[in-house]
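Residue 530 is where the sequence shown starts when you use this note's numbering, and the numbers rise one by one after that. Where a beta carbon is used, it is the ideal one built from N, C-alpha and C, also for glycine. Since this is a predicted model, take the numbers as computed values, not measurements.
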Amino acid sequence: MTLHSFREKVNLAIYDSKEKVDWIRKAVILFVSVVSIITLAIYYGYPQTAETKKLLINIIQAGFLVYVINYCVQFIYDFEPLNFIKRTWFEAIIMALLIAEGISHSLTGNLLLISLFERIGVVNISGYYALFVQFYFLLVILTEVVVRSNVLPKFQLDPSAVFIFTFIFISLLGAVLLMMPEMTTMHGSMNFLDALFTSTSATCVTGLIVVDTATFFTAKGQFIIMMLIVVGGINIISFGSFIALASKVGVTLKHHSVVENFVNKSSMFSSKSMLGRVLLWVFIIELMATVLIYLSWSDAVPFKNFGDKVFYSVFHAVSAFNNAGFSILTDGLYNTAVRDNSALQIIIALVIFFGSLGILTLIDLFSFRNILDRIRNPWKQWQFGTKIAFYFSVALVISGAVLFYVLEANNSLYDKTIFQSVVHSFFQSVTTRTAGFNTIDLVYVSTPALFIMVFLMFIGASSGSTGGGIKTSTFALIFAAVISSIRDDKNVSLFKRTISNELILRAFAVLLFFISGILISTLLLCISETNILLNPKYGFFALFFEVVSSYSTVGLSMGITSELSVMGKIIITLSMFVGRVGALTIAFAVGKRVISNKYKYPQGYTMVG
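Here it is in structure tokens:
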């Protein structure tokens, strides 16, 4: 009997039970994943006795065993086992690691991978490794359930609703995790409002903080914040295309035009194939950023060991590329150990800048395939969206840096060398648009320079990036519309492309949305924060600056965040959330088609201006 004929007999034998086994397998893995993650949260979030520690470890190990059994069952029940391994090569690697770890633990009492990391100075890695495996398989099974489900599409969920509720869920989950005793250095738990504020700030990649991230949180708490940044900072393109198209959660053809607006692809299924490339690019860029940041640390930073230095590098690389602005240094990059480290500032500024462009823009600019294609076909140019993102971002950064240098050369930069002043000006111009890091105390920055920073925060990053603001695309379209209006040109054009009226209306809708939100939030803060308003050290402008920063998900502050009242924290939390999801929601809302366009009302005329 040949191997092929044997496999054919096996396929016939298992055919009738395949569907039932598949359903049971998914249910078991979903249950085990949830239980294992809860177990990990209890294990690392609360103090443990020897007995409870042993019990929880046994539950986690049992979960790993179930994952191995599940993969073996999938292998057996797949009609083409070898192709199954090729399709699931990443899961196969994880399974091999789990089996190797199990054998190593049985024979030596030590975990192979953990021992290897500890030898090079990376300690306490076991929890992160276990958490990654558990979350990965939970996402895998959830994806299987959602993608292959015939029930969920009946709900016809709007992509904007999925986007909003996902951010709400992540923020609340992050708040619960940060409230666990082992996440903070203080006795007891963090209060819910501060935890929710911090979680929302991380999830919405803002960077505003009410406590010192460096001293208030333990390494576990800082890791949770970093994970919230990673999850919350997943590119809008990745999220929108994956959730709206790949998952089939009630996505119909009427939503295709909306998703296409963000994906910038003509095929409805092309965004699904882009997801893997997007995530791969994110990983590669953040890995490169980690290495460069690691090499740029000076001896003035008191790292405990090699692992500590690696974690600091990873954290700041993730925070910079996702435009989050979080730092685990007291006072952030204004810390005395790094405030004049020009190499570190240049590296982080470049990482922030690339992150603010958006992944699809980076792929268009630097993909080997695209570069080679343009070399072979010189007539091919960057995509229209890429031109807007790159040229307007560069123009904003250069103009912002020049203005900041001119206004602050004899003020906050008076004690710096010319080179340091240029680097600081460049850094502040880059980070003000989207990230929220600061190398200069904003208390000493002049009011004209602060106004420039408010303008840059308001414009923000580029479409498809993790940054906030109205986005460079909105600014570019409005700029082009204004120029056309001045020239009395009925056609709005930019980079030799005619802009449709629909896009112009969307741009003005986003602009109106942001201005209205900022004005409302500022009014509410003026009502709730009378102490700050009447304080000569801060005044009205500090409140206005805080609102623009939160709405644009930047994270810069004039020092009032920790002094906000309960109502003030709630207002800023909502501002961060609405600023993060609002522009996309508006785009979805105005992108829906009307019931009928076979008629129109008579034209109306009125004075303008």
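In the structure shown, Arg-905 falls within a helical segment according to DSSP collapsed to helix, strand and coil. Counting C-beta pairs closer than 8 Å gives fewer than three between the region 893–900 and the region 992–1003, which falls short of the contact rule.
Comparing alpha carbon positions, the residue from Ser-1094, Ser-1086, Ile-814 and Ala-704 closest to Leu-886 is Ile-814. Secondary structure at Phe-855: coil, using DSSP grouped into helix, strand and coil. Across the structure, Ala-625 and Val-602 are spaced so that their CA atoms are roughly 15 Å apart.
Nearest neighbour of Lys-1000 by Cα position, chosen from Phe-980, Phe-1042 and Asn-1030, turns out to be Phe-1042. When rounded, the separation of the alpha-carbon atoms in Ile-697 and Ile-1049 is 21 Å. Non-local C-beta neighbours of Ile-543 in its own chain, meaning closer than 6 Å and more than five positions away in sequence, comprise Tyr-606, ordered along the chain. Taking 8 Å as the cut-off, the beta carbon of Val-1077 is found closer than this to the beta carbon of Ile-1047. The bridge partners DSSP lists for Ser-728 come to none. About 6 Å separates the beta carbons of Ser-958 and Phe-933, which is inside the 8 Å limit, making them a contact pair. Collapsing the DSSP output to three states places Phe-746 in a strand. Straight through space, the alpha carbons of Ala-849 and Met-1096 are spaced by roughly 30 Å. Counting only runs of 4 or more residues that sit fully inside the region 886–935, the alpha helix (DSSP H) segments are 888–895 and 897–905, in chain order. Counting along the chain, Val-952 sits inside the alpha helix (DSSP H) bounded by residues 947–963. Shown here, Leu-1052 sits in a helix according to DSSP, grouped into three states. Thr-1051 places its beta carbon less than 8 Å from that of Leu-1072. Val-740 sits in coil when the DSSP states are folded into three classes, being neither helix nor strand. Membership of Leu-979 in the alpha helix (DSSP H) is indicated by the continuous run 976–988. Exclusion of the five residues before and after Thr-915 leaves Thr-890, Asp-893 and Leu-894 as the residues of its chain whose Cβ lies within less than 7 Å of its Cβ. Cβ contact annotation for Ser-1013 (same chain, cutoff 8 Å, sequence separation greater than five): Lys-1019, Asn-1020, Val-1021 and Ser-1022, in chain order. Counting only runs of 4 or more residues that sit fully inside the region 825–887, the alpha helix (DSSP H) segments are 835–850 and 871–886, in chain order. Lys-838 places its beta carbon less than 8 Å from that of Tyr-823. Between Ala-1036 and Ile-1007, the CB-CB gap stays under 8 Å. The alpha-carbon of Val-830 is positioned some 48 Å away from that of Lys-555. In this structure, the beta-carbon distance from Tyr-600 to Met-709 does not fall below 8 Å. Considering only Asp-860, His-716, Trp-911 and Ala-978, the residue with the shortest C-alpha distance to Val-935 is Ala-978.
Here Asn-1060 is exposed. Its C-beta has fewer than 16 other C-beta atoms within 10 Å. Boundaries of the beta strand (DSSP E) harbouring Val-1021: 1021–1023, taken from the DSSP string. DSSP places Thr-1027 in the strand class (E or B) of the three-state scheme. For Val-760, same chain residues with a beta-carbon under 8 Å away, outside a window of 5 residues either side, are Ile-699 and Thr-732 in chain order. The straight-line gap separating the alpha-carbon atoms of Leu-816 and Tyr-841 is approximately 13 Å. By the C-beta density criterion, Met-715 is exposed, having fewer than 16 other C-beta atoms within 10 angstroms. Annotated three-state conformation of Thr-1082 is coil, per DSSP. Assignment of beta-bridge partners to Thr-713 by DSSP yields Phe-746.
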